[in-house]
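Data first, discussion second: the structure below is written as structure tokens.
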Amino acid sequence: MSETTVMQRLRAANPVAEVPVDAPELWQQIVTSSGDPRVEAARRRGLRGWWRSGRAHRSALLACGVLVAACGSAGVAKVTGVVDPFAIFAHDTPAQLFDASPGYESRLQPKLVAGSVRLVETFSVPRVGTVQYWTARNVKGWACSAFKLPNGEWAGTLDASSERYGFAGTVPGCHGPWITWEGPYFHYDSIWLGLAGSRPYGILYGTARTAASATEVRDLLSGATARVVQGGYFVLLIPARGRYNRIPYVHLEALDADRHVLAIAPADHITFGP
Amino acid sequence: MRGSAELRFSAVFAHLALLVAYARRRGAADPEAIAAEVMAIAWRRLCDVPVDDPRPWLIATARNVLLAERRKHGRAEASLDGVDIAAEDVVSLIDLDPELDGALRRLSASEREALLLVAWEDLSPSAAAASLGISAAAFRVRLHRARRRLAADLAARRRLAPSHLAHWMEES
Numbered sequence: 001m002s003e004t005t006v007m008q009r010l011r012a013a014n015p016v017a018e019v020p021v022d023a024p025e026l027w028q029q030i031v032t033s034s035g036d037p038r039v040e041a042a043r044r045r046g047l048r049g050w051w052r053s054g055r056a057h058r059s060a061l062l063a064c065g066v067l068v069a070a071c072g073s074a075g076v077a078k079v080t081g082v083v084d085p086f087a088i089f090a091h092d093t094p095a096q097l098f099d100a101s102p103g104y105e106s107r108l109q110p111k112l113v114a115g116s117v118r119l120v121e122t123f124s125v126p127r128v129g130t131v132q133y134w135t136a137r138n139v140k141g142w143a144c145s146a147f148k149l150p151n152g153e154w155a156g157t158l159d160a161s162s163e164r165y166g167f168a169g170t171v172p173g174c175h176g177p178w179i180t181w182e183g184p185y186f187h188y189d190s191i192w193l194g195l196a197g198s199r200p201y202g203i204l205y206g207t208a209r210t211a212a213s214a215t216e217v218r219d220l221l222s223g224a225t226a227r228v229v230q231g232g233y234f235v236l237l238i239p240a241r242g243r244y245n246r247i248p249y250v251h252l253e254a255l256d257a258d259r260h261v262l263a264i265a266p267a268d269h270i271t272f273g274p
Numbered sequence: 275m276r277g278s279a280e281l282r283f284s285a286v287f288a289h290l291a292l293l294v295a296y297a298r299r300r301g302a303a304d305p306e307a308i309a310a311e312v313m314a315i316a317w318r319r320l321c322d323v324p325v326d327d328p329r330p331w332l333i334a335t336a337r338n339v340l341l342a343e344r345r346k347h348g349r350a351e352a353s354l355d356g357v358d359i360a361a362e363d364v365v366s367l368i369d370l371d372p373e374l375d376g377a378l379r380r381l382s383a384s385e386r387e388a389l390l391l392v393a394w395e396d397l398s399p400s401a402a403a404a405s406l407g408i409s410a411a412a413f414r415v416r417l418h419r420a421r422r423r424l425a426a427d428l429a430a431r432r433r434l435a436p437s438h439l440a441h442w443m444e445e446s
């Protein structure tokens, strides 16, 4: 059998034809969840360029007109009962927040394990304030994460609040292990916080899973450390560095109370950034 | 932001059917869920998805999701540390005719995936190479070897089979 014939036979044996899929509900669920923060960053950079251009005044007048119209529409929407999908989480309890999360796994909306919602860590971000790290587990065993900002809002649920604290990330949400960095010892993801004009912080959050009890997680590259709390959770603040205020790599290790290294993760590329 | 992001994402979402078919061909228990998962990741990482042809990125992500799913269910061994994902032998193909299925299984996982990306997903060699994270030249070599090995394997089986079975195998 020639190689050409083999390919023909293989093509003919294709067991599944590609048929069009109409999934408007999936589309709606995905696009109402938190998107890529870099798209917004790129848009802002574009706006700054636009503002400096010679057409600024003329375009600004047009933009004001659009803004007025948009505000009017928003008012009408409020009166007629249209609910902003992000606003509904603003004052919910954490359990409700996770259950109806607009985060990673909106397609399934798996239910939470009763009693799994808890505040695992409170930490302070310089010039931002005190932030709470909340977690939960859903029935599929996925981790759910959310951060309560100093003003009491949940990060990622209100555009205004996120803007105020320079937040970027994909919380709140429940996610399977493949979305975050998954290794034998660490399981983490990241968000971003920082006020304009100050040094922003990348915030790694997740779990360290070592045979012995880890008490501390350290980033070998930045030197940043964090305590490990009950359940193996940690929140590691890493100040941005470099020309673009980014954190390109982290390299985590877990230590026990005697400062013995229990586990080291491979260096990992972190894509977050303002 | 959402308007422009959604516009860009719509070009990605148009490949949902490709992902469902890919996951089903690779034996996923819930191909629609795999495809939805990949699309959710694409939305979160929209800046990483190539604008000109998102298919290699989507298929690479689908492969990772499938691997993760199988890892989770204990069907794969060891961790991924330092292991070429494409080379992991964790793909379980959907039912095929036994001769072709056997011949494909006797290929290495990376060779099999190279063949199937071209034959079933209809990717060009350069797109398939991008999906596997290797150079186009390396992919062409891999594809050539895979095609040659598969042809040789099928031919050898035919020589061993009785004549009436050989005829039936040729027909199939």
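Chains as they are written, first to last, in this note's numbering: chain L, 1 to 274; chain D, 275 to 446.
Where a beta carbon is used, it is the ideal one built from N, C-alpha and C, also for glycine.
Helix, strand or coil at residue 264 of chain L according to DSSP, with G and I counted as helix
strand
Assess, as a yes-or-no matter, whether the segment 322 to 334 of chain D is touched by the segment 397 to 405 of chain D under the definition of 3 or more beta carbon pairs within less than 8 Å.
yes
So what does DSSP say about residue 142 of chain L, is it helix, strand or coil?
coil
Does DSSP classify residue 61 of chain L as helix, strand or coil?
Only weak support exists for where residue 61 of chain L lies, its pLDDT of 37 falling under 50; the value from the coordinates is given anyway. In this structure, residue 61 of chain L counts as helix in the three-state DSSP scheme.
Does the separation of the CB atoms of residue 171 of chain L and residue 156 of chain L fall below 8 Å?
Yes; because the gap between Cβ atoms is below 8 Å, this pair is in contact.
For residue 239 of chain L: DSSP bridge partner residues:
L/201
By the DSSP assignment, the alpha helix (DSSP H) with residue 312 of chain D in it spans what residues?
Its alpha helix (DSSP H) spans residues 305 to 318.
Taking only three categories from DSSP, how would you classify residue 322 of chain L?
As displayed, chain L neither begins before 1 nor continues past 274, which places residue 322 of chain L out of reach and without an answer.
Report the CB separation of residue 151 of chain L from residue 112 of chain L in whole angstroms; it is logged as a contact under 8 Å.
No, residue 151 of chain L and residue 112 of chain L are not in contact; Cβ-Cβ is about 25 Å, not under 8 Å.
Does residue 397 of chain D have its Cβ less than 8 Å from a Cβ in chain L?
Answer no: the Cβ-Cβ gap between residue 397 of chain D and chain L never drops below 8 Å.
Taking CB distances under 8 Å as the criterion, tell me whether residue 294 of chain D reaches chain L.
yes
8 Å is my cut-off, CB to CB: does residue 2 of chain L come that close to chain D?
It does: the Cβ of residue 2 of chain L has a partner Cβ on chain D nearer than 8 Å.
Are at least three pairs of beta-carbons, each pair with one atom in the segment 286 to 296 of chain D and one in the segment 251 to 267 of chain L, less than 8 Å apart?
Result no; under three Cβ-Cβ pairs closer than 8 Å.
Assigned exposure category for residue 266 of chain L - 16 Cβ within 10 Å defines buried:
exposed
At a Cβ threshold of 8 Å, is residue 413 of chain D touching chain L?
no
Sorted by chain position, which residues of the same chain lie with C-beta nearer than 6 Å to residue 415 of chain D's C-beta, five sequence neighbours on each side aside?
Taken in chain order, the list of residues that qualify is empty.
Name the residue from L/229, L/143, L/129 whose alpha carbon lies nearest to the alpha carbon of residue 164 of chain L.
L/129
Mapping DSSP to helix, strand and coil, what is residue 389 of chain D?
helix
How would you list, in chain order, the residues of chain L whose beta-carbon sits under 9 Å from the beta-carbon of residue 374 of chain D?
By Cβ distance, chain L contributes 9, 10, 13.
Less than 8 Å between the beta carbons of residue 145 of chain L and residue 173 of chain L, yes or no?
Closer than 8 Å, so yes.
Beta-carbon separation of residue 406 of chain D and residue 387 of chain D under 8 Å?
yes
So if DSSP puts residue 174 of chain L in a beta bridge, which residue, or which two residues, is it bridged to?
L/144
At least one CB of chain L closer than 8 Å to the CB of residue 308 of chain D: is that the case?
no
By Cβ distance below 7 Å, which residues in the same chain neighbour residue 149 of chain L in space, the five residues on each side in sequence not counted?
131, 155, 161, 165
Between the beta-carbon of residue 316 of chain D and the beta-carbon of residue 294 of chain D, is there less than 8 Å?
Contact flag unset, no.
To the nearest angstrom, how far is the alpha carbon of residue 220 of chain L from that of residue 124 of chain L?
21 Å
Look at the alpha carbon of residue 378 of chain D and the alpha carbon of residue 410 of chain D, and state the distance between them as a whole number of angstroms.
22 Å
Apply the 10 Å Cβ neighbour rule to residue 422 of chain D and answer buried if 16 or more other Cβ atoms are within range, or exposed otherwise.
exposed
Kindly indicate if chain D contains any beta-carbon less than 8 Å away from that of residue 18 of chain L.
Cβ-Cβ to chain D under 8 Å: yes for residue 18 of chain L.
Near-chain L residues of the segment 311 to 322 of chain D (beta-carbon distance less than 9 Å), N- to C-terminal order:
311, 313, 314, 315, 316, 317, 318, 319, 320, 321, 322
Does the beta carbon of residue 331 of chain D come closer than 8 Å to any beta carbon on chain L?
no
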